[in-house]
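Its first residue numbered 0, the sequence shown is counted upward by one per residue in numbering that gives the first Met the number 0. Note that beta-carbon positions come from the ideal geometry of N, C-alpha and C, so glycine has one too.
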Amino acid sequence: MILNENEFVRINLNKYKLEEYKRNKKPYFFDETKKILRPKTPEEEVRQKLVKYFRKNGFNNIVTEVSLTHYKKWSRGRIDIIIKNYDSEPKPIIIIECKKPEFPLNDDVKEQLENYNKNVHAKIGIITNGFNCRVFSFEKKMKELKKIPKYQDIIKKNLSYYKNDKWKRPSFSKIRTNMVLKDFKDFGWIGEDSKKLYLPFFINLIGFIQDESKRSPKLLEKIKKIIRDGVKETSFSNYGGGRWDSRYRYFMIEDENGNNQIINISVIGSLKCKNDPKMGNRKGHTYLVVAIDNYKERHMSLELDLDKFIQIDDNHFIIWHNGRLTSGKGGSSKNIEVINFIKRHSSKLVNENNEIVLGRFDGTKEITWKQKNTREFVSNVIEYSLLRDKFRKFKKGRNFQ
């Protein structure tokens, strides 16, 4: 099941006003549950307004910032809000994780909530950024709800669930229909300025990446082993401070050194900007993005503008790259430096024109794992992304092989 932001539970916290207090010339809010002052932050504003919201809706046994050690010794972390029942020995019925307004409510936040509740055992969990909420029931299995339930509905288990229907890839015969195109744009997978000529291919490629009903083979050329793969909603940041929020296909691999790391691949539409103070003017293109999570670090490795780096040859779509790479404070590297580095480590990725070729697809066929060129594409994307990280370490003067 995929929910876009239009399907999240909406709450209006703007009508709840918070009085500000001063301490050492810094602003504070008054926490009405613990009767203390808390520094004014975007998250704290969401938290204190939520307390007012739930009190108005009949929930009065509320406490903020509760340490998990209250429920399990040596546990780490704090729960933003806990709402308890009215029994003689009150027990948690709702736990809430608050994020700042622009924070995405993805699977990372959902997993955080789920882990907290393993110690608390509440009936309902909520994640919110002050505008949108995702609401879950913890009865037996974590399931998403359509609305925030009232107190009596929680007690009587009168809950309204979303159907847990998994997303289904549209058939190849429908990838040119306006309905499918609208769905993919609504999910944020296609940029609004992408070339019409490319749209059916983008839908074909995205459908392949997002289709979790089809698992990858355990072995791919150049990849020692794929241990598992699947789909998750998450977010990754780049070196410029930008963020890519979406559903990613992840691959847990074993690399050449026997280490495990997770490669995350998605196709995402970029935001169209006009006279933006930070981004300036930018078209809404469609990007192939790859992020690496090796436990210590999770970061964007590749952001490839598909509207720019596609060649069409007799109904075949060729995805390539010019080696452009940015490395934090070090800025951009010369393309030829990157290309020569890639050549030394995997010459097959670079053609005679010094272009890094990632894949070639027949536009008249549905993209599937059964096709050799598809498996080569995934293998090339993973290898290229890992080599880009290796190049970054090389530029920083670290040891590498």
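* What residues are listed by DSSP as bridge partners for Ala290? -> Translated into the one-based positions of the sequence shown, residue 290 becomes position 291. Answer is Asn263 and Met299.
* Asked: Three or more beta-carbon pairs under 8 Å between the region 172 to 189 and the region 152 to 159, yes or no?
  -> Cβ pair count under 8 Å is below three, so no.
* Throw me the rounded Cβ distance for the Lys409 and Ile252 pair, which I believe falls under 8 Å. => Outside the displayed span of the chain (0 to 400) sits residue 409, for which this structure offers no information.
* To do: Could you check the C-alpha separation between Ala290 and Ile338 for me, to the nearest Å?
  => Here residue 290 corresponds to residue number 291 of the sequence shown, with the count starting at 1. Here residue 338 corresponds to residue number 339 of the sequence shown, with the count starting at 1. If I take the Cα positions, the gap works out to 20 Å.
* **Which listed residue (Ile95, Glu88, Ile92 and Ile126) has its alpha carbon closest to that of Leu104** => Within the sequence shown, residue 104 is the residue found at index 105, counting from 1. A check of alpha carbon separations from Leu104 across Ile95, Glu88, Ile92 and Ile126 identifies Ile126 as the nearest.
* Since Ile81 and Gly124 are thought to touch, with beta carbons under 8 Å apart, how far apart are those beta carbons, to the nearest angstrom? -> Translated into positions along the sequence shown, residue 81 becomes position 82. Translated into positions along the sequence shown, residue 124 becomes position 125. Contact flag wrong, Cβ pair sits at about 11 Å.
* **Among Pro38, Lys16 and Lys51, nearest to Glu31 - alpha-carbon criterion** => Walking along the sequence shown from the start, residue 31 turns up at place 32. Answer by Cα proximity: Lys51.
* Are Lys48 and Tyr15 close, meaning C-beta to C-beta below 8 Å? -> Numbered from its first residue, the sequence shown carries residue 48 at position 49. Numbered from its first residue, the sequence shown carries residue 15 at position 16. In contact: Lys48 and Tyr15 (Cβ atoms closer than 8 Å).
* Output the residue ranges of the alpha helix (DSSP H) runs that lie fully inside the region 124 to 166 and measure 4 residues or longer, sorted by chain position. => Qualifying alpha helix (DSSP H) stretches, in chain order: 150 to 154.
* Does DSSP classify Arg248 as helix, strand or coil? -> As a position in the sequence shown, residue 248 is number 249, starting the count at 1. Three-state DSSP puts Arg248 in a strand.
* Can you name the residues that DSSP bridges to Asp361? -> On the sequence shown, residue 361 is found 362 positions in, with the first residue counted as 1. For Asp361, which the question treats as bridged, DSSP gives the partners His315.
* Apart from the five residues on each side of it in sequence, which residues of its chain come closer than 8 Å, Cβ to Cβ, to Gly57? -> Taking the sequence shown and counting its residues from 1, the one referred to as residue 57 is at position 58. So the qualifying residues of the chain are Lys149 and Tyr150.
* **Contact belief for Arg242 with Glu232 at Cβ below 8 Å, rounded distance in angstroms** => By 1-based counting over the sequence shown, the position of residue 242 is 243. By 1-based counting over the sequence shown, the position of residue 232 is 233. In this structure, Arg242 and Glu232 do not form a Cβ contact; the two beta carbons are roughly 13 Å apart against a cut-off of 8 Å.
* Note the first and the last residue of the continuous alpha helix (DSSP H) segment covering Glu382. => Translated into the one-based positions of the sequence shown, residue 382 becomes position 383. First-last of the alpha helix (DSSP H) with Glu382: Lys371 to Lys394.
* Is Gly240 buried or exposed, if buried means 16 or more other CB atoms sit within 10 Å of its CB? -> Counted from its first residue, the sequence shown places residue 240 at position 241. Result: exposed.
* Is Glu220 helix, strand or coil when you go by DSSP? -> By one-based count along the sequence shown, residue 220 stands at place 221. Coil.
* Near Asn398, which residues of its chain fall below 6 Å by C-beta distance, leaving aside the five closest residues on each side in sequence? -> Here residue 398 corresponds to residue number 399 of the sequence shown, with the count starting at 1. For Asn398, the pLDDT reaches just 46, beneath the cut-off of 50, and the residue's location in the model is therefore unreliable, although a value from the coordinates is still provided. No residues qualify anywhere along the chain.
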